[in-house]
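Peer 1: Residue numbers (this note's numbering): 6 to 96.
Don't be surprised by glycine CBs; every beta carbon is placed ideally from N, CA and C.
Small disclaimer: the values here were computed from a predicted structure and weren't measured.
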Amino acid sequence: MKRKSMNDIKTHAGTVGQTFLPHKAFMRISCLEMEKAHRIREMENSRRRIEAIKKRLSEIESETNNLLNRIKENTSIGTNTNKNKGLVLRY
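#1: The beta strand (DSSP E) that contains residue 92, what's its start and end?
#2: Quick check on DSSP: helix, strand or coil for residue 67?
#3: For a test of the three-state rule: what should DSSP assign to residue 73, helix, strand or coil?
#4: Mapping DSSP to helix, strand and coil, what is residue 45?
#5: Who are the near neighbours of residue 39 in its chain, counting only those whose CB is closer than 8 Å to its CB and skipping five residues on each side?
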C-alpha cells in the first residue's frame, strides 16, 4: 500500500476563485471606473497642451514672417559686385 503525503489531502483551496463573486466584480468595476476617470482627465490635459503648442507655433510663424518682411523692407538691392571682391552684402 502506498503511503499518503500532503499532496494526497483533498482541499477546497482554489475552487472559490473559480466561482463568480459579486463583491469582487463590483470592486473590479469601481477600479475600472476610477481608471476611466483618470484617463479622461489625462486626455483633457493633453488636449490643452496640444492647443497651447499650436498657438505658440502660430505665434512663431507670424513673428518669423514679420521679421522677414522687415528685412525685405529695410534692405534695398544690397548687393554690389566687384570683380576683385566678389559678392558684397550691406546690412
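Peer 2: Let me lay it out:
#1: The residue labelled residue 92 in the question sits at position 87 within the sequence shown. Per DSSP, residue 92 belongs to the beta strand (DSSP E) from 91 to 94.
#2: Against the sequence shown, residue 67 aligns to sequence position 62. Of the three classes helix, strand and coil, the one that applies to residue 67 here is helix, per DSSP.
#3: As a working mapping, residue 73 is identified with position 68 in the sequence shown. Note: residue 73 maps to helix in three-state DSSP.
#4: Here the question's residue 45 lines up with position 40 in the sequence shown. In this structure, DSSP gives residue 45 a helical state, which the three-state scheme calls helix.
#5: The residue labelled residue 39 in the question sits at position 34 within the sequence shown. Cβ neighbours of residue 39 beyond the five flanking positions: none.
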